[in-house]
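Beneath this line is the structure, given in structure tokens, with notes to follow.
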Amino acid sequence: MTKLIEANHVSIAYGRLDAVQDVSFHIENNDFLAIVGPNGSGKTTLMKAILGLVPIQKGSIIRADSISQQDIGYLPQASFLGDKHFPATVKEIIATGLREQPLLGLSKANEKAIRQVSGLLDIKHLLNKKIGHLSGGQHQRVLMARALVKSPKILILDEPTSALDPKIREDFYTLIHHLHAHEQVSIVLISHDLQSVNQYAKNILYLDQKLIYFGSTDYICSSQSLIKQLGAQAVKSLCQVPDHEHYINS
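At position 249 of the sequence shown (counting the first as 1) the number is 249 in our numbering, and the numbers step up by one without a gap.
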């Protein structure tokens, strides 16, 4: 698989506080990488470094020649666009994600891109609705459309389902899976929803400031040494192992 982004021995600090220490991993073409770990483990900070939003103290982050900043879509954690009086429409919000911001109105190409992404996410009927009048699930789809309207090759999602109820959460994961399987978008998902991670992710980056594990989802569920390191309960949730079953020694 072609590596789109490669991080080598990356360390990040806020003042004297180490946030990420000596972490190496990569994002492949058509990857589905889940980033998991406890609160405060550096997951969001690491992704912000990938996006160029925070500096790194040591190491390197290398992008393939085919990947520019515009090729990375980002749905940040706890995104919110305003209350019920916020004046922008869904269409206007999606347009803010275009590769080039129009000065004199949307071009035909921009209009087409907005129609296509809103159709893909089943929100075309909401384009003229005010953003503040949407449900939680609709709101999240609009944010996703804003991230996708520029046709990114990589989509980074930071806890995208944390505020959604179970049914909407399931629909959202189905949508993410569709983007990965049918639109060939590489997905990077930060999540505490370990069971969904197991269901959809190809690879896992387990972070606790330092790198605990990076590799296939299958291996983490069968390695006795990793089970001891991560804790049986965490791996049980991740691997969906019933209480009466035992792990296999690696």
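Every residue, glycine too, gets a C-beta built ideally from N, C-alpha and C. Small disclaimer: the values here were computed from a predicted structure and weren't measured.
Using the C-alpha atoms, what's the distance from Asp218 back to Leu226? In the sequence shown, counting from the first residue as 1, residue 226 sits at position 226. In the sequence shown, counting from the first residue as 1, residue 218 sits at position 218. One C-alpha to the other measures close to 12 Å.
Contact with chain B by Val90, beta-carbon distance below 8 Å: In the structure shown, chain B does not exist; there is a single protein chain.
So, Gly52 versus Lys150, is the Cβ gap smaller than 8 Å? Here residue 52 is taken as the residue at index 52 of the sequence shown, counted from 1. Here residue 150 is taken as the residue at index 150 of the sequence shown, counted from 1. No, they are not a contact pair.
Opening and closing residue of the beta strand (DSSP E) in which Ile5 lies: Taking the sequence shown and counting its residues from 1, one reaches residue 5 at position 5. Element bounds for Ile5: 3 to 14.
Hey, could you find the ends of the alpha helix (DSSP H) Glu92 is sitting in? Your numbering for residue 92 matches position 92 in the sequence shown. 90 to 95 is the extent of the alpha helix (DSSP H) around Glu92.
Within 10 Å of its beta-carbon, does Lys153 have 16 or more other beta-carbons around it, so buried, or fewer, so exposed? Position 153 of the sequence shown, counting from 1, holds the residue named residue 153. Counting Cβ neighbours within 10 Å, Lys153 comes out buried, since at least 16 surround it.
Below 8 Å on the Cβ atoms is my contact criterion, and I expect Ala49 with Ile56 to pass it. Report the Cβ-Cβ distance as a whole number of Å. As a working note, residue 49 is residue 49 in the sequence shown. As a working note, residue 56 is residue 56 in the sequence shown. Rounded, the Cβ-Cβ distance is 5 Å, consistent with contact.
Could you tell me how far apart the beta carbons of Ser191 and Ala34 are, in whole angstroms, since I believe they sit closer than 8 Å? Position 191 of the sequence shown, counting from 1, holds the residue named residue 191. Position 34 of the sequence shown, counting from 1, holds the residue named residue 34. At roughly 6 Å, the Cβ-Cβ gap stays under 8 Å, so Ser191 and Ala34 are in contact.
Can you name, in chain order, every residue of its own chain whose Cβ lies under 6 Å from the Cβ of Phe25, other than the five neighbours on each side? Reading the sequence shown from its first residue, position 25 is the one you call residue 25. Ala7, Leu205, Phe214.
Classify Asn30 as helix, strand or coil using the three-state DSSP reduction. The residue labelled residue 30 in the question sits at position 30 within the sequence shown. In this structure, Asn30 counts as coil in the three-state DSSP scheme.
Residues that DSSP places opposite Lys210 in a beta bridge: In the sequence shown, counting from the first residue as 1, residue 210 sits at position 210. According to DSSP, which records beta bridges pairwise, Lys210 is partnered with Gln21, Asp208.
DSSP state of Ile156 mapped onto helix, strand, coil: Within the sequence shown, numbered from 1, the residue matching residue 156 stands at position 156. Note: Ile156 maps to strand in three-state DSSP.
Integer-rounded CB distance, given that Ser186 should sit under 8 Å from Asn30: Your numbering for residue 30 matches position 30 in the sequence shown. Your numbering for residue 186 matches position 186 in the sequence shown. Indeed, because the Cβ distance is near 6 Å, the residues count as touching under 8 Å.
With a threshold of 16 other CB atoms inside 10 Å of the CB of Pro242, please say whether the residue is buried or exposed. Residue numbering aside, residue 242 sits at position 242 when the sequence shown is read from its first letter. Unreliable placement is indicated for Pro242, whose pLDDT of 42 sits below 50; no coordinate value is reported for it.
Is the Cβ-Cβ distance between Cys239 and Asn198 less than 8 Å? Residue 239 sits at position 239 when you count from the first residue of the sequence shown. Residue 198 sits at position 198 when you count from the first residue of the sequence shown. Yes, the Cβ-Cβ distance between Cys239 and Asn198 is below 8 Å.
Could you please give the first and the last residue of the uninterrupted beta strand (DSSP E) stretch that includes Ser186? Here residue 186 corresponds to residue number 186 of the sequence shown, with the count starting at 1. Note, Ser186: beta strand (DSSP E), 186 to 190.
Less than 8 Å between the C-beta atoms of Leu4 and Ile27, yes or no? For this step, residue 4 is matched to residue 4 along the sequence shown. For this step, residue 27 is matched to residue 27 along the sequence shown. Their beta carbons are under 8 Å apart, which means Leu4 touches Ile27 by this criterion.
Following the continuous alpha helix (DSSP H) through Gly119, name the residue where it begins and the one where it ends. As a first step, residue 119 is located in the sequence shown; it is residue number 119 there, counting from the start. Element bounds for Gly119: 108 to 120.
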